[in-house]
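Trainee: Got a structure for you, questions after.
Chains as they are written, first to last, in the numbering used here: chain H, 95 to 206; chain E, -2 to 111.
Here is the structure:
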């Protein structure tokens, strides 16, 4: 069974204090790993897809990396508007419905 | 560009009442469509998915059902709601083509059962 574990559950940062969010996964062959951002009361917003170990993607203050067992979402010099819940999901090679298995998310709070 | 709409945004229903949540997608044809439930402290749980009109697959046994009467319309229903059906319901779509394209979500319906 595919599993995704995200840590820590919650993270409080001071504005400008860089940090990383962790996503550990177990999957029977990885087709893709997805990062989403979710604001309170809203649906998840797509950020990145990573396909193979060693791959990296960047968007503004966010950088996602991937190894064979985990992914990191690095946040550089965060701002209060980066406060949100960040979700990680994996898609296995098997299965035809593009099913995603999600972690529980990491709630990030950035204080001004 | 593609957009996805869900309504209502919030809903309060008594136990035993019926349910109908609607999701529509614009700007794409023949999308894959998904219904998820998000409970507090838990990850998103896939409930149903559809690869075409009238084609519905259920991921977990439950009190809910889904239908796809039109290409870009996905409906989540129940004949009699249970307290355990409370939660945040999200609809998502994925375009046809590469299976590892991301899914895109609507803004959800917050369902409270009294």
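Every residue, glycine too, gets a C-beta built ideally from N, C-alpha and C. Here the structure is a predicted model, which is why all the values come from computation and not from measurement.
Which residues does DSSP pair with residue 1 (chain E) in a beta bridge?
Mentor: Residue 1 (chain E) pairs with E:22.
Trainee: Is residue 11 (chain E) helix, strand or coil by DSSP?
Mentor: Coil at residue 11 (chain E), not helix or strand.
Trainee: From residue 63 (chain E) to residue 108 (chain H), what does the alpha carbon distance come to, in whole angstroms?
Mentor: In a straight line, the C-alpha of residue 63 (chain E) is about 44 Å away from that of residue 108 (chain H).
Trainee: Name the chain E residues that come within less than 7 Å of residue 144 (chain H), Cβ to Cβ?
Mentor: Result: empty, since nearest Cβ-Cβ is about 10 Å, beyond 7 Å.
Trainee: Restricting to Cα atoms, I'd like to know which of E:67, E:46, E:66 is closest to residue 57 (chain E).
Mentor: Comparing Cα positions, the closest option is E:46.
Trainee: Considering just the uninterrupted stretch of the beta strand (DSSP E) at residue 202 (chain H), what are its terminal residues?
Mentor: Taken as a continuous stretch (DSSP letters only), the beta strand (DSSP E) holding residue 202 (chain H) covers 200 to 205.
Trainee: Beta carbon of residue 142 (chain H), beta carbon of residue 151 (chain H): below 7 Å?
Mentor: Yes, Cβ-Cβ distance for residue 142 (chain H) and residue 151 (chain H) is below 7 Å.
Trainee: So is residue 69 (chain E) in contact with chain H if we call contact Cβ pairs under 7 Å?
Mentor: No, because no Cβ of chain H sits closer than 7 Å to the Cβ of residue 69 (chain E).
Trainee: With 7 Å set as the bound, which would you pick, yes or no: does the beta-carbon of residue 125 (chain H) sit closer than that to a beta-carbon of chain E?
Mentor: With 7 Å as the cut-off, residue 125 (chain H) counts as an interface residue toward chain E.
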